[in-house]
Amino acid sequence: MTTTTGDMLDYGDVVARFDPVLGLEVHVELSTATKMFCGCATAFGAEPNTQVCPVCLGLPGALPTLNEAAVESAIRIGLALNCEIASWCRFARKNYFYPDQPKNYQISQYDEPIAFNGHLDVPLEDGTTFAVGIERAHMEEDTGKLTHVGSDTGRIHGATTSLLDVNRAGVPLIEIVTKPIEGAGERAPEIARAYVTALRDLLRALDVSDVRMDQGSLRCDANVSLRPRGQREFGTRTETKNVNSLKSVEVAVRYEMRRQAAVLVSGGVVHQETRHFHEDGHTSPGRDKETAEDYRYFPEPDLEPVAPGRDVVERLRATIPELPWLSRKRIQQEWGVSDEVMRDLVNAGAVELVAATVGHGAPSEAARAWWGNFLVQKANESGVELDALAITPKQVAEVVALVDAGKLSNKLARQVIEGVLAGEGEPEHVMADRGLALVRDDTLIQAAVDTALAAHPDIAEKIRGGKVQAAGAVVGAVMKATKGQADAARVRELVLAACGQTG
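In this note's numbering, the protein residues as written are 9 to 511.
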């Protein structure tokens, strides 16, 4: 049964009639230097089909070799999710034909994952937490990437040509699968978004992935089903594939809840299927959802089982950092900032950068100001994440120190930072090369003050008459003449003194 926007139930009616049950599958590309089963590079954005070899192309006789760093990352992820780590597990072949999988099968894990039976306590905006059970986290390889040309939607329907880039095939993936998420009620969309957000932050803290949803290194499939209130049996689920932003996770879950409710209330049947998410917020049918039997899993014959020893697991356990949201709460208390300020820093991806800048000696207020305002603006202008800017916390701390030492004004400091971002060198080098240091010589400043007063005799007369606020115009003229390199406070003092005034 097809539903239109006009058929959709009001969200309040949906949650009054039905209990939602969610299941979230998150695919994480690991930031290893090489692929899961071969030595090909994993750099994002390389020329198409240049990071390939006989192994990732599935050529006859090419044998896979397991990436040890990927296995260690998988174990660390499992530990951070409070999972049990398998003492013995193995890979399996997932058999299916699709153009983005050159081998016609994917090396994955089926009933023997590396990590299983965990949980994540997800922080919500109101300060509460919601426990999400983790069914499993298993290792697999990514597929290639298809680009459909000639389609208005970017999908295969209506396309005239499909282009295949195999660079991504074989990139290490960890798929994290939740247990059924029950009891979320009307907050189900919010909790889905909060879970993916918390997972992203955790993976970033582990430094196992750059978790860029816009580049596909973090992808979420959202399973949604509804059951009438009071009923224990689960409803039929749909799986909305490759939802590519945090907001879209929330929107997709809410839409599917409303759509399925409209189908059920009108006497229809929800079909088990995959669905595509569209940027305008609706989902559309994809294909009937496969079952495990359809993939004909069997043990991978070309790879030995993985059997991490307890000593290895404990060594990796010692590398697990403090949970990001607990770290932020501690930092918030240390900095003495409001929830709103902290939320803005979190949303900007600035918390860890500010903390690192403070660690290099900068006051927290100054570090927050630079990362949370000017550098966020620069990141937006460049279309990159904040931590992708070509400046380090240490360099920002050096700029702050130059301002505190009276060698730079904030205005000049912005120019120094722009120079660092442009690759012109360290802050002091940029300051010297661009001639941006503050003028500290009172003789030079006084000469500029005298010139400005002579050029504005009417303003000078007002100042002499006691209207000290008029000094601003003269200060502005001096700052312009010195290209902003004079200390504005000192300029004002000299202007007032020249006119026989103080303060």
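Using N, Cα and C, we set each Cβ at its ideal position, and we do this for glycine too.
Residue i classed as buried or exposed, judged by whether at least 16 other C-beta atoms fall within 10 angstroms
i, result
"His279", "exposed"
"Gln114", "buried"
"Ser256", "buried"
"Thr205", "buried"
"Arg201", "buried"
"Tyr106", "exposed"
"Glu80", "buried"
"Gly178", "buried"
"Ile164", "exposed"
"Lys102", "buried"
"Asp302", "exposed"
"Arg208", "buried"
"Pro293", "exposed"
"Glu308", "buried"
"Arg283", "buried"
"Leu71", "exposed"
"Gln117", "buried"
"Ser225", "buried"
"Gly380", "buried"
"Ala497", "exposed"
"Ala440", "exposed"
"Arg336", "buried"
"Tyr104", "exposed"
"Pro197", "buried"
"Ala370", "buried"
"Ala555", "Here the chain covers residues 9 to 511 and nothing more, so residue 555 does not appear."
8 Å Cβ cutoff met for residue i and residue j
i, j, result
"Ala430", "Thr365", "no"
"Thr246", "Val259", "no"
"Val29", "Pro188", "yes"
"Thr168", "Val157", "yes"
"Ala145", "Ile122", "yes"
"Val407", "Ala421", "yes"
"Ile339", "Val359", "yes"
"Arg25", "Ala269", "yes"
"Arg318", "Asp27", "no"
"Phe285", "Val251", "yes"
"Glu149", "Leu171", "no"
"Val273", "Leu17", "yes"
"Ala489", "Thr510", "no"
"Arg376", "Leu410", "no"
"Gln109", "Gly152", "yes"
"Leu446", "Lys415", "yes"
"Cys228", "Leu89", "no"
"Cys91", "Gly141", "no"
"Ser217", "Ser346", "no"
"Gly344", "Asp395", "no"
"Asn57", "Asp173", "yes"
"Ser372", "Asp495", "no"
"Phe52", "Gln223", "yes"
Bridge partners - residue i, DSSP secondary structure assignment
i, result
"Ile189", "Leu30"
"Gln114", "Lys102"
"Leu128", "Val140"
"Ile328", "DSSP output for Ile328 lists no bridge partner at all."
"Thr291", "Phe285"
"Val232", "Leu30, Thr246"
"Met350", "DSSP lists no partner for Met350."
"Thr42", "Ala49"
"Ile122", "Paired residue(s): none; Ile122 is not in a bridge."
"Ala145", "Ala123, Ile184"
"Val157", "Thr169"
"Val36", "Ile182, Leu226"
"Phe306", "Arg101"
"Ile164", "Answer by DSSP bridge pairing: none, since Ile164 is not bridged."
Close Cβ partners of residue i (< 7 Å) along its chain, the five nearest in sequence each way excluded
i, result
"Thr42", "Cys48, Ala49, Thr50, Asn75"
"Arg325", "Leu87"
"Arg212", "Val219"
"Val499", "Ile453, Val457, Val483, Val486, Met487"
"Ala54", "Asn175"
"Pro313", "Trp96, Cys97, Arg98"
Closer than 7 Å: residue i CB and nearest the ligand HEM heavy atom
i, result
"Ile122", "In the structure shown, the ligand HEM is absent, as is every other ligand, since no ligand is present at all."
Contact set for residue i: own chain, Cβ-Cβ below 8 Å, skip 5 residues either direction
i, result
"Tyr19", "Glu194, Arg262, Met265, Arg266"
6 Å CB neighbourhood of residue i in its chain, flanking five on each side removed
i, result
"Trp378", "Val404"
"Trp333", "Pro131"
Inset, instruction - Inspect the CB distances between the segment 286–294 and the segment 92–112 and report whether three or more fall short of 8 Å. - result: Touching, no, given that fewer than three Cβ pairs across the two stretches are closer than 8 Å.
Inset, instruction - Spell out a yes or no on whether the segment 391–401 and the segment 416–434 are touching, meaning 3 or more CB-CB pairs, one atom from each, closer than 8 Å. - result: As far as the Cβ criterion goes, the segment 391–401 touches the segment 416–434, which means the pair count is three or higher.
Inset, instruction - Determine contact between the segment 482–501 and the segment 457–472, defined as no fewer than three beta-carbon pairs at a distance below 8 Å. - result: yes
Inset, instruction - Would you check if there are 3 or more beta carbon pairs closer than 8 Å linking the segment 491–511 to the segment 471–478? - result: yes
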